[in-house]
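Peer 1: Following this message is one structure expressed as structure tokens.
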Amino acid sequence: MAKLIIVLFFINFSLLSSTAKSRLTTDFYSKSCPRFLDIVRDTITNKQITTPTTAAAALRLFFHDCFPNGCDASVLVSSTAFITAERDSSINLSLPGDGFDVVIRAKTALELACPNTVSCSDILAVAVRDLLVTVGGPYYEISLGRRDSRVSRSSLLLADSLPLPSSPISKLVEQFTSRGFSVQEMVALSGAHTIGFSHCKEFTNRVARVNDTGYNPRFADALKKACANYRNDPTISVFNDVMTPNKFDNMYFQNIPKGLGLLESDHGLYSDPRTRPFVELYASNQARFFKDFAGAMQKLSVYGVLTGRRGEIRRRCDAIN
């Protein structure tokens, strides 16, 4: 009986998810806010020019919003005296402020142009796509019409809600497949590490064991020097892709076989027989990586979305109405 209940739950969840996705359209704001895409594009362009780390920050923010409970902008909400929001859970404390800032800027501009019309979750999805394009990434269509969550609580994030840099590949595969993503889609999305940076605390213990970790010895020495003072200054970080850190390309996959991966999960992608073929494929074929990454991002962008009365249009992205 218990198994039957679980099966019925997943069937109902799948039906609800499919219904929500069917309400999304690429021209959702064509009449209610015709300058929506232009306003977002102007906002992200100005922000990226002044702060080049914005693209990576927004991409990470998007993943942290969508992967745990669906793309509903719940991670954007600030805590109050009564509730600790998602963004203040331990796993989200390292999210860069530039990701939040670019969404807030776009929301402010959109509220002036078309008040109470565009959701924060739609803004985040489009801003990330457009920011990726500015740093060389692929363009892909975004279906629109998401609503924002009315709830954001740190307590609702489970212990394994998000992949960790130290997660073994078996754990990562479990997390992605349980959400309907294939192993190949997981590897493609891991290519997001071609931009951005990671704090030293996320990999220094592994670097110390260089003999059995797959690090290029010279790279390991450079990491040790770069992170020598990280205990006194926990903000010290290193680019995820040391070769082309500000360009979205397939260099991340070219780095891994050479021992130039930064995180344990990066090295795991090459050492595990389930994921290694895809690393090799993307390392040799950037066009294929871009195609598969774009498809996986489109799929992620509609994961667990809210539509209609199941959500709201927030007046401010950092506060529940």
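Residues -20 to -1, 1 to 301 (mature numbering (1 follows the signal peptide of the UniProt record, and there is no 0)) are what the sequence shown spells out, left to right.
Glycine is no exception: its CB is placed at the ideal position from the N, C-alpha and C atoms.
Buried or exposed, going by whether 16 or more other CB atoms sit within 10 Å of the CB of G79?
Peer 2: buried
Peer 1: Going by other Cβ atoms of all chains shown within 10 Å of its Cβ, with 16 needed for buried, is I175 buried or exposed?
Peer 2: buried
Peer 1: Where does L124 fall in DSSP's three states?
Peer 2: strand
Peer 1: Looking at T25: is its Cβ nearer than 8 Å to the Cβ of T114?
Peer 2: Yes; because the gap between Cβ atoms is below 8 Å, this pair is in contact.
Peer 1: I need the boundaries of the alpha helix (DSSP H) containing V108, first residue and last residue.
Peer 2: Residues C100 to T114.
Peer 1: What's the gap between the Cα of L(-13) and the Cα of E91?
Peer 2: In this predicted model, L(-13) has a pLDDT of only 44, less than 50, meaning its place in the structure is not dependable enough to derive any value.
Peer 1: Excluding sequence positions up to five away, which residues of its chain have a Cβ less than 7 Å from the Cβ of K227?
Peer 2: V115 and G116
Peer 1: Would you call N230 buried or exposed, if buried means 16 or more other Cβ atoms sit within 10 Å of its Cβ?
Peer 2: Under a 10 Å Cβ-count criterion, N230 is classified as buried, with 16 or more other Cβ atoms of the shown protein chains found around its own Cβ.
Peer 1: Could you please give me the residues that DSSP links to L280 through a beta bridge?
Peer 2: Paired residues: none, contrary to the question.
Peer 1: Go to F219, then tell me how far its alpha helix (DSSP H) extends in each direction, as first and last residue.
Peer 2: First-last for F219: S217 to F219, but that is the beta strand (DSSP E), not the alpha helix (DSSP H).
Peer 1: Whose CA, out of V187, F233, R159 and K279, lies closest to the CA of N49?
Peer 2: R159
Peer 1: To the nearest angstrom, report how far apart R198 and A276 are at their CA atoms.
Peer 2: 34 Å
Peer 1: In three-state terms, what does DSSP make of S134?
Peer 2: The answer is helix: DSSP assigns S134 an H, G or I state.
Peer 1: What does the Cβ neighbour count give for S251, buried or exposed, with the cut at 16 atoms within 10 Å?
Peer 2: exposed
Peer 1: Using the Cα positions of Q28 and I84, report the straight-line distance between them to the nearest angstrom.
Peer 2: 14 Å
Peer 1: Give a yes or no on whether the C-beta atoms belonging to F124 and T6 are separated by under 8 Å.
Peer 2: Correcting the residue identity first, residue 124 is Leu in this sequence and not Phe. It is a contact, given that the beta carbons lie within the stated cut-off.
Peer 1: Leaving out five residues before and five after V82 in sequence, what residues of the same chain have Cβ atoms less than 7 Å from its Cβ?
Peer 2: T23, I24, K27, T34, A38 and A107
Peer 1: Quick one: what does DSSP say P240 is sitting in, helix, strand or coil?
Peer 2: Before going further, note that residue 240 is Leu rather than Pro in the sequence given. It is coil, neither helix nor strand.
Peer 1: Could you check the C-alpha separation between A200 and R3 for me, to the nearest Å?
Peer 2: 49 Å
Peer 1: According to DSSP, what are the bridge partners of S5?
Peer 2: One detail in the question is off: residue 5 reads as Thr in this sequence, not Ser. Looking at the DSSP assignment, T5 forms a beta bridge with L124.
Peer 1: List the endpoints of the continuous alpha helix (DSSP H) containing F258.
Peer 2: Going by DSSP, F258 is part of the alpha helix (DSSP H) stretching over R256 to S264.
Peer 1: At which residues does the alpha helix (DSSP H) containing H44 begin and terminate?
Peer 2: T34 to N49
Peer 1: Find out if the Cβ-Cβ distance for the pair I236, C180 is shorter than 8 Å.
Peer 2: no
Peer 1: Could you give the C-beta distance for A53 and S134, rounded to a whole number, given that I count them as a contact under 8 Å?
Peer 2: So it is not a contact: roughly 16 Å between Cβ atoms.
Peer 1: When the distance is taken between beta carbons, is F258 closer than 8 Å to V167?
Peer 2: yes
Peer 1: Assuming T242 and F183 form a contact by the criterion Cβ under 8 Å, report the distance between their Cβ atoms to the nearest whole angstrom.
Peer 2: The identity of residue 242 in the sequence shown is Leu, whereas the question assumes Thr. Correct: roughly 6 Å between the Cβ atoms.
Peer 1: From the DSSP output, read off the bridge partner residues of H179.
Peer 2: S217
Peer 1: Would you list the residues sitting across from L286 in a DSSP beta bridge?
Peer 2: BP columns for L286 point to R127.
Peer 1: Need the endpoints of the alpha helix (DSSP H) that P197 sits in, please.
Peer 2: Counting along the chain, the alpha helix (DSSP H) containing P197 begins and ends at P197 to A206.
Peer 1: Determine the contact status of L41 and V57, defining contact as a CB-CB distance below 8 Å.
Peer 2: Remark: C-beta atoms of L41 and V57 do not approach each other more closely than 8 Å.
Peer 1: Check whether the Cβ atoms of R294 and C94 sit closer than 8 Å, and answer yes or no.
Peer 2: no
Peer 1: Hey, would you say L142 sits closer than 8 Å to H44, going by beta carbons?
Peer 2: The Cβ-Cβ distance between L142 and H44 falls below 8 Å.
Peer 1: Leaving out five residues before and five after F270 in sequence, what residues of the same chain have Cβ atoms less than 6 Å from its Cβ?
Peer 2: By the criterion of a C-beta distance shorter than 6 Å, F270 is surrounded in its chain by P118, once the five residues flanking it on both sides are discounted.
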